[in-house]
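K.L.:
Numbering (my numbering), first residue to last: 1 to 491. The structure is given below, and queries will be raised subsequently.
Encoded structure:
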């Protein structure tokens, strides 16, 4: 008999891809970038009947546990069929069917994840239906070796680059690199923002479809390989990349390795102070709501207070989401003057439990900017969207979204580790609303009735983030100075 389900936060956040294939606001407990788990229905194959006098198989025991969690915690539990876990050939098949009957297309996030070898990934179709023996004890790697040290908070294991949440322009092969993390293999090899990946060794061999090639490259760029199906390559795995340097020049062939390095959600060193007419504008690029980044956030805000900053630019264009407590810290650092004690956000579940309400408690380092410009893109999702939505009632027209429409994930996912197994059920458990009850941004921000300003702007890869010459940064500065949106609103 498995114990009652208990939701716990994972140790670190992951990512949500663009609306091309993914999403991720793991606000309540973490952001995660998980591909939807499709297919499967009751009656596929056969299984032992848990109620027919025969002992339930390990797979059926997991299915019964997962079924209880769905009925107790799933946001769309009212749409689920009566209990019937024994009708499914595997836990994975049941999860896919319950999602189809519950959230449907609105829920690409609920699924089972597996942890082994120190890494976590979404179950693949090949793994679905396996009636594995789930033995307690330390997790083992896919090869049966002792598990590697788990990825720690503020640490990532990857090649060290991030790519645009869209393919290159028509007629251009490959995808553009938007960010390179310091200390990574990509940084050590000289990769930089604006470079274009043309090929990626054996990973793209035989993959001709541009969309499939993009999704493969996206998976390789994401932290911990969370969006991939099947075990990710281990630490030290090397892969060849063909790179077209930014601005032209000879094509380069690079050999990169998956290494552990600092996630660097907050860039090192003092934050830039920019000018917009008479305004002193603090600029902060924030790349992930990762637990452990709070001291760096407080340091930057304290710097802004010391240096007499009047307005702020918060650059979330590549921030895929993250941890709830970290989101609350940043909201309390950025809240408008007078917000203390008002509602930050409300988590509304399936009605089986009271709503969870969080109130603003401003931090001592809060600089209270007059205007707040948030640079966003289709990669800004999950906690990034919840933060903007939570701050909106306090700022109203003094908050602006600059860039492009965000990814669209207005829900919280809870994590339920399944005892005695290497599996975790990731389940949509609540919607996230602001003080005014707004939160229907399934298609991204802005939504109808969005009270803030919006300014369309491209992501100009030819200049660094935070450079006043870069298009999105320039548009944010212009809005702070004049209130104008030269390229019109975000559509």
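Where is the CB? At the ideal position from N, CA and C, for every residue including glycine.
Give the DSSP bridge partners of residue 282, in chain order.
P.N.:
Answer is 273, 312, bridged to residue 282.
K.L.:
Tell me whether residue 478 sits in a helix, a strand or coil according to DSSP, three-state version.
P.N.:
Reduced to three states, the DSSP call for residue 478 is helix.
K.L.:
Among 283, 347, 415, 262, which has the Cα closest to the Cα of residue 293?
P.N.:
Minimum Cα distance to residue 293 is reached at 262.
K.L.:
In angstroms with no decimal places, state the Cα-to-Cα distance between residue 461 and residue 470.
P.N.:
The alpha-carbon atoms of residue 461 and residue 470 are separated by roughly 8 Å.
K.L.:
Is there contact between the segment 328-335 and the segment 420-428, where contact requires at least three CB pairs shorter than 8 Å?
P.N.:
In short, these stretches do not touch, since the Cβ pair count stays below three.
K.L.:
Between 410, 347, 322, which has its C-alpha nearest residue 103's C-alpha?
P.N.:
Of the candidates 410, 347, 322, the one whose C-alpha sits nearest the C-alpha of residue 103 is 410.
K.L.:
With DSSP as the reference, label residue 240 as helix, strand or coil.
P.N.:
Residue 240: strand per DSSP, three-state reduction.
K.L.:
Can you tell me whether residue 113 is buried or exposed, with buried defined as 16 or more other CB within 10 angstroms of its CB?
P.N.:
Buried, since its Cβ has 16 or more Cβ neighbours within 10 Å.
K.L.:
For residue 364, is the classification buried or exposed, using 16 other Cβ atoms within 10 angstroms of its Cβ as the cut-off for buried?
P.N.:
By the 10 Å Cβ count, residue 364 comes out exposed.
K.L.:
Looking at the structure shown, is residue 457 part of a helix, part of a strand, or coil, going by DSSP?
P.N.:
Residue 457 falls in the coil class under three-state DSSP.
K.L.:
Cutting at 8 Å between CB atoms, please list the residues of its own chain near residue 271, excluding the five before and the five after it.
P.N.:
Correct list, in chain order: 282, 283, 284, 300, 303, 304.
K.L.:
Tell me which same chain residues have a C-beta within less than 7 Å of the C-beta of residue 217, skipping the five on either side of it?
P.N.:
The answer, listed in chain order, is 163, 175, 197, 200.
K.L.:
Do residue 403 and residue 444 come within 7 Å of each other at the CB atom, strictly closer than that value?
P.N.:
No, the pair does not count as a contact, with Cβ atoms beyond the cut-off.
K.L.:
Nearest-angstrom Cα distance between residue 459 and residue 279?
P.N.:
Near 23 Å, if we compare the C-alpha coordinates of residue 279 and residue 459.
K.L.:
DSSP three-state label for residue 301, please.
P.N.:
If DSSP states are grouped into helix, strand and coil, residue 301 belongs with the helices.
K.L.:
Helix, strand or coil, according to DSSP, for residue 379 in the structure here?
P.N.:
Coil, per DSSP.
K.L.:
Grab the span of the beta strand (DSSP E) containing residue 399 for me, first residue to last.
P.N.:
Element bounds for residue 399: 399-403.
K.L.:
Judging by CA-CA distance, which residue of 359, 401, 245 is the nearest neighbour of residue 317?
P.N.:
Nearest of 359, 401, 245 to residue 317, Cα basis: 401.
K.L.:
I need the straight-line Cα distance from residue 346 to residue 428, nearest angstrom please.
P.N.:
Spanning the two alpha carbons is a distance of roughly 15 Å.
K.L.:
So, with DSSP's three-state summary, where would you put residue 191?
P.N.:
In the structure shown, residue 191 sits in coil (DSSP, three-state: anything other than H, G, I, E or B).
K.L.:
Excluding the 5 residues flanking residue 91 on each side, which residues of the same chain have their C-beta closer than 7 Å to its C-beta?
P.N.:
So the list reads 59, 62, 63, 66, 112, once near-sequence residues are dropped.
K.L.:
Give the single residue among 109, 440, 311 whose Cα lies nearest to the Cα of residue 368.
P.N.:
The candidate whose alpha carbon is nearest that of residue 368 is 311.
K.L.:
Relative to the alpha-carbon of residue 325, which residue among 289, 77, 366 has its alpha-carbon at the smallest distance?
P.N.:
When only C-alpha atoms are compared, the closest one is 289.
K.L.:
To which residues does DSSP link residue 177 through a beta bridge?
P.N.:
BP columns for residue 177 point to 163.
K.L.:
Between residue 421 and chain B, is there a C-beta pair that is closer than 7 Å?
P.N.:
The question asks about chain B, but that chain is absent: this structure has only one protein chain.
K.L.:
Straight-line CA distance for residue 391 to residue 448?
P.N.:
Approximately 17 Å between the Cα atoms of the pair.
K.L.:
Just to confirm before moving on: does the CB-CB distance between residue 480 and residue 371 stay below 7 Å?
P.N.:
Contact flag set, yes.
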